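Notes for the one structure printed next.
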Amino acid sequence: MENEISSLTSTKNSPATATSIYNSTRLAESYAYHRPPVHPAIIKRIGERLRVTGKLHRALDVGCGAGLSTVALEPLAEVLIGIEPVPAMLAYRNVVSTKANFLVGQAERLPVASRSFNLITAAGSVNYADLDLFFPEVERVLTETGVLVIYDFSAGRRFADDNSLQRWYAEFERRYPPHPGYALDVTALDYGKYGLRLNAYEPLEVALPMTFASYLAYALSETSVEQAINNGTPEREIRDWCQRTLAEVFPNGAREVLFDAYIALVQK
């Protein structure tokens, strides 16, 4: 096990090919530096739900992206491992975390030992996985008392006190549509088929203060922007439109942006 996690390694036959939207240095940098800190707020609640005292031994973060969801697990576990199928997304892993270990690998073939993790997290990554292959891997890798936590959060698209950000985000999505097919109802999955069960589901609301500058950088980190750039829209054109229109939404300092989220606790 220790040899497995000592360095960044690759797994053949990854479903994330070179044409993946995530195969982007620009997107990796944006994820590493410009995503709002939603993961720590959700992880804090996960720790409360699991009643973690002290630290668990090992936590595995599946589909870790740039690694922000992995480093957020530091309060919960001694050993942190993030697995990501697209090598480009891990370009800034040493900046994101000096404590976590990262592997290039697939959710469907987790490159770790059986019965070796107390906690597995998947932040918006099961949407991309072959669940008929992933869930048996979860059953294999978790300890007998271990927990899989599936969680996700929406885009930060609203304020509590007015609908100006909702209007802006609706126009943003009209101009730069998100990729279809991402939605997944985790409460409707047949966990029993894989020897697992859904123990708890909780919706959350995460409120974060964001300024004009931080929200602009966040908006430009969205995958819909990356898709638009890949389709030929100049990045400068997207930035100019966002900069001009967001100035009206964030006229005076920071405002509290709301992110709708959920956590789902799955066990054997």
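In the numbering used here, the protein residues as written are -10 to 257. Cβ coordinates follow ideal geometry from the N, Cα and C atoms, glycine included. Fair warning: this is a prediction, and the values are worked out from it, not measured in the lab.
- Secondary structure at R47: strand, using DSSP grouped into helix, strand and coil.
- For I35, the enclosing alpha helix (DSSP H) has its first and last residue at 27 to 39.
- By the Cβ neighbour-count rule, P74 is buried, with 16 or more other Cβ atoms within 10 Å of its own.
- Under the rule that a run must span 3 or more residues, the beta strand (DSSP E) segments found entirely inside the region 67 to 123 read 90 to 93, 106 to 112.
- The beta strand (DSSP E) runs of length 3 or more contained entirely in the region 126 to 171 are, from start to end of the chain, 131 to 142.
- D141 and H28 have their C-alpha atoms roughly 9 Å apart.
- A straight line joining the alpha-carbon of G113 with that of L57 spans about 13 Å.
- With fewer than 16 other Cβ atoms from the protein chains shown falling within 10 Å of its own Cβ, E224 counts as exposed.
- In this structure E160 is exposed. Its beta-carbon is surrounded by fewer than 16 other beta-carbon atoms within 10 angstroms.
- Residue nearest to A177 within the set P167, P169, N188 is N188 (criterion: CA-CA distance).
- D229 and N152 have their C-alpha atoms spaced approximately 22 Å apart.
- Annotation: the region 202 to 256 contains the following complete segments of the alpha helix (DSSP H) (minimum length 4 residues), in chain order: 212 to 219, 224 to 238.
- Residue environment for N107: buried (at least 16 other C-beta atoms within 10 angstroms of its C-beta).
- In the DSSP assignment, E194 is bridged to D249.
- By the neighbour-count criterion, in which 16 or more other beta carbons inside 10 Å mark a residue as buried, R82 falls on the buried side.
- Ranked by how close their Cα comes to the Cα of R34, the residues P192, A236, G71 have P192 in first place.
- A residue is called buried once 16 or more other Cβ atoms fall within 10 Å of its Cβ, and E211 is buried on that count.
- Counted as a single uninterrupted DSSP element, the alpha helix (DSSP H) harbouring Y20 occupies residues 14 to 23.
- A straight-line Cα-Cα distance of about 10 Å links M78 and G52.
- Sorting V60, V115, Y117, I109 by C-alpha distance to the C-alpha of N90 places V60 at the top.
- Within the same chain, L205 come within 8 Å of Q232 by CB-CB distance, once the 5 residues on both sides are set aside.
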